[in-house]
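**Q** Please see the structure below; I have some questions.
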Amino acid sequence: MIPVRHAVEIRDLHKSFGELQVLKGIDFTVDPGQVVCVIGPSGSGKSTLLRCVNLLEQPTSGMVVVEGLELTDRDADLDAARRRVGMVFQQFNLFPHMTVLENVTIAQRRVLKRGKAEAERVARDNLDRVGLADKAGSYPAQLSGGQQQRAAIARALAMNPALMLFDEPTSALDPELVGDVLTVMRKLAEEGMTMLVVTHEMAFARDVADRVVFMDGGVIVEDGPAAQVIGAPQHERTKSFLRRVLDPTHTDV
Amino acid sequence: MTDQLKTAEPGPGGNPPVRAGLSPRKKQQISRAVQYVILVAVAVAAVLLIDWASLAQNFAKPEVAQESLPELFTVALKNTLIYSVGGFVFAFLLGLVLALMRLSPVRPYRWLALVYIEIFRGLPALLIFLMILFLPLALPGFEVPGGTYGQGILGLTIVGAAYMAETLRAGLQAVPKGQMEAARSLGMSYGRAMITIIIPQAVRIVIPPTTNQFVALLKDSSLVLFLGVSGEYVELTKFGNDLASTHANATPILVVGVTYLLVTIPLGYLASRLERRQGKGR
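Taken in sequence, the protein lines are chains X and V. At position 18 of the first sequence (counting the first as 1) the number is 18 in full-length UniProt numbering, and the numbers step up by one without a gap. At position 248 of the second sequence (counting the first as 1) the number is 248 in full-length UniProt numbering, and the numbers step up by one without a gap.
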């Protein structure tokens with residue numbers, strides 16, 4: 001039997017910060033082209049799980065395989081592996097001393113060793129994709145939060161990643177700017193990008209995700225098609241979490 | 001609070017507190033008047049008691065001041081700038097290395113940097129210069145490259161780097177953690193991320209305190225005097241001191257002092273302007 005090559009494969013992943021166990025044995029996979037949303041209460045370990053996928057956090061034990069390469073192998077070339085994995089942060093983390101165009105070209109030039117002309121062409125294509133073609137010369141501080149996040153998405157896309165990680169990409173945005181970012185992400189999903197998204201946006205999870213994973217207390221409680229996990233949750237913890245998120249004015253205080 | 005209100009009837013709309021004696025405004029006026037009287041008295045005493053002719057003769061004699069030109073600028077100021085700019089550049093580079101060592105995950109690096117900083121921040125700059133002077137005795141055959149300039153710059157580098165390291169460390173730590181994470185997630189190595197992303201931001205953050213450190217180095221460059229420099233290598237203080245001895249007149253000291261201020265005061269303004277501009281940018 002030929003093993004199926006997953007985009008991401010995680011086996012028995014544990015992560016502790018000192019005494020605090022954040023991840024208590026996670027097993028899950030993402031297949032190429034899939035969009036998987038991770039939902040759950042804060043402190044459930046979902047961001048830590050995401051950060052373990054590109055080894056921004058060193059797992060305490062377990063195995064992380066991305067695109068067939070085991071990142072938890074102590075001799076793995078993490079820098080090379082991270083080139084294939086785009087990451088979008090809650091706080092955008094654009095480089096403030098560079099223009100938007102420089103933000104999107106710097107890693108292409110320094111990491112992928114692309115020429116100046118090629119890097120700029122790729123950068124402009126991707127800025128166009130996220131609707132920021134006219135902001136190439138601006139500095140991050142001159143952009144709104146939604147524009148900054150879209151620039152950060154363009155920066156990640158310019159590396160031609162096989163997989164995109166989103167860590168609560170809309171949590172730091174004003175409500176009226178959330179839609180711009182989610183629309184860009186939906187377009188990306190429709191183009192076939194493999195995406196792993198930690199989010200509180202239930203509408204996005206329901207409409208765009210192929211699968212939804214509900215985490216609580218450092219374990220995966222429920223994992224299935226979006227319609228099932230959000231529409232007809234099986235576990236009591238999932239039900240209570242969704243009640244609180246979807247109907248926040250009627251929670252049991 | 002409660003004491004002041006004791007005189008008043010409590011309750012809404014009650015009588016205002018009754019004031020005894022002078023109002024605070026009047027008291028302040030009287031105090032201010034007394035201060036002015038003292039100031040005027042000191043000024044008058046100074047005018048009457050000081051022998052102005054002798055003072056001018058000793059500290060501001062135009063002939064002696066003229067004598068210092070043009071070497072004051074072409075030799076002395078030039079050398080002061082060579083010593084302090086040279087010292088600053090090397091102190092900055094060494095300070096950056098020390099700051100990176102201080103933040104390194106490698107423990108021996110952290111210790112080495114800490115030992116250096118603690119030692120050379122705690123020693124008087126003069127002592128460092130004296131050590132450099134005696135270096136050839138300790139290491140026979142060793143010579144500081146660059147001769148007198150090299151020795152002066154070395155002394156200022158050793159002293160300046162210890163301070164610069166701490167400033168730069170603070171600057172590096174002030175760059176948000178997310179910047180390194182973003183750089184690493186784009187596939188940059190730790191070193192590459194430091195060079196292209198973290199250090200440029202840290203340097204921007206430390207420009208104002210670093211300008212002040214340059215002023216400090218400029219003043220410390222006067223210690224080159226103790227290296228026994230002469231001729232074409234003299235800097236401002238030594239130059240003033242020599243000329244003052246020759247003429248048995250203090251005018252050159254004053255002239256040299258003014259020359260230092262010509263450099264340090266504009267720099268101080270520059271530093272505070274940069275600081276304000278940076279404050280706005282955040």
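Cβ atoms here follow ideal geometry from the backbone N, Cα and C, with glycine treated the same way. If you're wondering where the values come from, they're calculated on a predicted model, not measured in any experiment.
Short of 6 angstroms in beta carbon distance, which residues of its chain neighbour R277(V), apart from the five on each side in sequence? Order them along the chain.
**A** As a position in the second sequence, residue 277(V) is number 277, starting the count at 1. Cβ contact annotation for R277(V) (same chain, cutoff 6 angstroms, sequence separation greater than five): none.
**Q** DSSP three-state call for T251(X): helix, strand or coil?
**A** Counting from one through the first sequence, the residue named residue 251(X) turns up at place 251. Looking at T251(X) - three-state DSSP - the assignment turns out to be coil, as it is neither helix nor strand.
**Q** Assign A123(X) to buried or exposed, taking buried as 16 or more other Cβ atoms, counted over all protein chains shown, within 10 Å of its Cβ.
**A** The residue given as residue 123(X) occupies position 123 in the first sequence. The residue in question, A123(X), is buried, as its Cβ has 16 or more Cβ neighbours within 10 Å.
**Q** Which of the three DSSP states is assigned to D12(X) in this structure?
**A** Position 12 of the first sequence holds residue 12(X). Strand.
**Q** What separation, rounded to the nearest whole angstrom, lies between the Cα atoms of D75(X) and D134(X)?
**A** Along the first sequence, one-based indexing puts residue 75(X) at 75. Along the first sequence, one-based indexing puts residue 134(X) at 134. When rounded, the distance between both Cα atoms is 43 angstroms.
**Q** In this structure, how does DSSP classify L71(X) when only helix, strand and coil are distinguished?
**A** To locate residue 71(X), count along the first sequence from 1; it is residue 71. Residue state, collapsed to three classes: coil.
**Q** What residue from L182(X), G179(X), Q228(X) and I10(X) has the CA that sits closest to E67(X)'s CA?
**A** Against the first sequence, residue 67(X) aligns to sequence position 67. Nearest option by C-alpha distance: I10(X).
**Q** Check whether the Cβ atoms of L94(V) and T148(V) lie closer than 8 angstroms to each other.
**A** Reading the second sequence from its first residue, position 94 is the one you call residue 94(V). Reading the second sequence from its first residue, position 148 is the one you call residue 148(V). Against a cut-off of 8 angstroms, the Cβ pair of T148(V) and L94(V) comes out as no contact.
**Q** I'd like the span of the alpha helix (DSSP H) that includes R121(X), first residue to last.
**A** Indexing the first sequence from 1 puts residue 121(X) at position 121. Note, R121(X): alpha helix (DSSP H), K116 to R129.
**Q** How many angstroms separate the CA atom of T74(V) from the CA atom of E235(V)?
**A** Looking up residue 74(V) in the second sequence gives position 74. Looking up residue 235(V) in the second sequence gives position 235. Distance between the alpha carbons of T74(V) and E235(V) is about 10 angstroms.
**Q** Does the beta carbon of M87(X) sit closer than 8 angstroms to a beta carbon anywhere in chain V?
**A** Translated into positions along the first sequence, residue 87(X) becomes position 87. Output row for M87(X): interface = yes.
**Q** Would you kindly check if the distance between the Cβ of I205(V) and the Cβ of G171(V) is under 8 angstroms?
**A** For the purposes of this step, residue 171(V) is taken as the residue at position 171 of the second sequence. For the purposes of this step, residue 205(V) is taken as the residue at position 205 of the second sequence. In this structure, I205(V) lies closer than 8 angstroms to G171(V) by Cβ.
**Q** Show which residues of chain V have a CB atom less than 7 angstroms away from the CB atom of A107(X).
**A** The count along the first sequence starts at 1 and reaches residue 107(X) at position 107. Chain V residues near A107(X): L186, G187 and M188.
**Q** Checking contacts by CB at 8 angstroms: is P96(X) closer than that to chain V?
**A** Numbered from its first residue, the first sequence carries residue 96(X) at position 96. Yes - at least one Cβ of chain V is within 8 angstroms of the one on P96(X).
**Q** Excluding sequence positions up to five away, which residues of its chain have a Cβ less than 7 angstroms from the Cβ of L69(X)?
**A** Counted from its first residue, the first sequence places residue 69(X) at position 69. Excluding the 5 residues flanking it on each side, L69(X) has same chain C-beta neighbours closer than 7 angstroms at A76 and A81, in chain order.
**Q** If you compare alpha carbons, which of A227(X), E191(X) and R83(X) is closest to S189(V)?
**A** For the purposes of this step, residue 189(V) is identified with residue 189 of the second sequence, where counting begins at 1. Residue nearest to S189(V) within the set A227(X), E191(X) and R83(X) is R83(X) (criterion: CA-CA distance).
**Q** Can you tell me the Cα-Cα spacing of L157(X) and L101(X), whole angstroms?
**A** As a working mapping, residue 157(X) is identified with position 157 in the first sequence. As a working mapping, residue 101(X) is identified with position 101 in the first sequence. For L157(X) and L101(X), the distance between alpha carbons rounds to 13 angstroms.
**Q** I want to see whether chain A comes within less than 8 angstroms of Q201(V), judged by CB atoms only; does it?
**A** Here chain A cannot be found, since the structure's protein chains are X and V.
**Q** Taking all protein chains shown into account, do 16 or more other C-beta atoms lie within 10 angstroms of the C-beta of S54(V), making it buried, or fewer, making it exposed?
**A** As a working mapping, residue 54(V) is identified with position 54 in the second sequence. Result: exposed.
**Q** Let's see if you can read the secondary structure: which residues bound the beta strand (DSSP E) around I39(X)?
**A** Along the first sequence, read from residue 1 onward, the residue named residue 39(X) stands at position 39. That run of the beta strand (DSSP E) goes V35 to I39.
**Q** S61(X) by DSSP, collapsed to three states: which one?
**A** Here residue 61(X) refers to the residue found at position 61 when the first sequence is read from its first residue. If DSSP states are grouped into helix, strand and coil, S61(X) belongs with the strands.
**Q** Along the chain, where does the beta strand (DSSP E) that runs through K113(X) open and close?
**A** Position 113 of the first sequence, counted from the first residue, corresponds to residue 113(X). Premise fails: K113(X) is in no beta strand (DSSP E) and is neither H nor E.
**Q** Indicate whether at least one CB of chain V lies closer than 8 angstroms to the CB of R74(X).
**A** In the first sequence, the residue the question calls residue 74(X) occupies position 74. R74(X) does not count as touching chain V.
**Q** Ordered along the chain, which non-local residues of its own chain (more than five positions away) have a Cβ less than 6 angstroms from that of V197(X)?
**A** Against the first sequence, residue 197(X) aligns to sequence position 197. Excluding positions up to five away in sequence, the list reads C37 and F166.
**Q** Less than 8 angstroms between the C-beta atoms of S44(X) and M215(X), yes or no?
**A** Residue numbering aside, residue 44(X) sits at position 44 when the first sequence is read from its first letter. Residue numbering aside, residue 215(X) sits at position 215 when the first sequence is read from its first letter. A contact, by the Cβ cut-off of 8 angstroms.
**Q** Per DSSP, which residues does E145(V) bridge with? Please list them.
**A** The residue you call residue 145(V) lines up with position 145 of the second sequence. The sequence shown places Pro at residue 145(V), rather than the Glu named in the question. Partner(s): none; P145(V) has no beta bridge.
**Q** With distances taken between CB atoms, is the gap from P225(X) to R211(X) smaller than 8 angstroms?
**A** The count along the first sequence starts at 1 and reaches residue 225(X) at position 225. The count along the first sequence starts at 1 and reaches residue 211(X) at position 211. A contact, by the Cβ cut-off of 8 angstroms.
**Q** Please tell me whether H6(X) and D31(X) are closer than 8 angstroms, where the distance is taken between their beta carbons.
**A** As a position in the first sequence, residue 6(X) is number 6, starting the count at 1. As a position in the first sequence, residue 31(X) is number 31, starting the count at 1. Yes, they are a contact pair.
**Q** With contact counted as at least three CB pairs below 8 angstroms, one residue from each stretch, are the segment 59 to 79 of chain V and the segment 223 to 242 of chain V in contact?
**A** yes
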